[in-house]
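Input: a single structure, listed below in structure tokens.
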Amino acid sequence: MNKVAIVTGASSGIGKAISHAMISRNYCVIANGRTIKKADFQNNNVVISNADLLDERTPKDLLDLAIKSFGDLNYLFVNAGTIESGSIHDIDINKMCKMLRLKVESSFRLIYTALQ
Ligand SMILES: NC(=O)c1ccc[n+]([C@@H]2O[C@H](COP(=O)([O-])OP(=O)(O)OC[C@H]3O[C@@H](n4cnc5c(N)ncnc54)[C@H](OP(=O)(O)O)[C@@H]3O)[C@@H](O)[C@H]2O)c1
């Protein structure tokens with residue numbers, strides 16, 4: 007049976023590259039990103055999810071999707087993230103806190119749910 011991975015941040019950059027590399031090596035992938043389109047991944051071994059990781063329901067939804075689609079979960083790539091930076095005069099504190107919720111809280115929720 008093929009190994010199954012969830013990859014977050016799969017709509018661009020590192021997560022997209024990881025997803026394509028895994029698919030080409032016959033892994034099954036749940037590729038998550040709010041803006042992923044079907045055309046980005048045309049392969050039977052990939053299932054796309056457009057969930058927002060800031061939604062507390064998303065970790066369980068992703069896990070359920072992996073089990074329903076491929077019957078297992080072996081790898082979790084917690085890769086999604088944004089980078090906010092700037093001088094103290096320019097920085098938007100709300101965007102900064104949203105970045106931290108995504109990078110820290112949503113990552114922890116996803117890992118916690120998968121390990122359970
Ligand atoms: N590239 C670098 O030099 C560098 C340096 C330091 C750290 N990093 C970190 O490494 C990771 C990957 O970097 P990258 O350059 O490949 O990033 P990227 O191309 O900007 O991709 C970020 C991914 O995160 C997803 N994402 C953002 N907000 C989301 C949300 N609320 N819910 C679900 N998905 C969300 C985006 O998908 P959608 O917008 O489609 O949802 C996108 O797929 C990031 O965590 C980044 O902060 C990168």
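Take any residue in the sequence shown, note its place counting from 1, add 6, and you have its number in the working numbering. Each residue gets a CB set at the ideal place from its N, CA and C atoms; glycine is no exception. All of these numbers come straight from a predicted model, not from anything done at the bench.
Taking each of 34, 114 and 46 in turn and checking the Cα distance to residue 77, the smallest one comes out for 34. A residue is called buried once 16 or more other Cβ atoms fall within 10 Å of its Cβ, and residue 114, having fewer, is exposed.
Between residue 28 and residue 45, the CB-CB gap reaches or exceeds 8 Å. As a beta-bridge residue in DSSP terms, residue 82 pairs with 12. Taking one beta carbon from each stretch, the stretch 82-93 and the stretch 103-113 have 3 or more pairs nearer than 8 Å; the two touch. Contact between residue 47 and residue 36 is ruled out by a C-beta separation of about 11 Å, above the 8 Å threshold.
For residue 52, the CB contacts under 6 Å within the same chain, skipping 5 residues up- and downstream, are 29, 35 and 37 in chain order. Per the DSSP secondary-structure output, residue 37 pairs in a beta bridge with 13 and 54. Here residue 39 is actually not in contact with residue 23; their C-beta atoms are around 13 Å apart, not less than 8 Å. Sequence-distant partners of residue 84 (beyond 5 residues in either direction) whose C-beta falls short of 7 Å from its own C-beta, in its chain, are 14, 113, 116 and 117. Relative to ligand 1, residue 63 has its C-beta separated by 7 Å or more from all heavy atoms.
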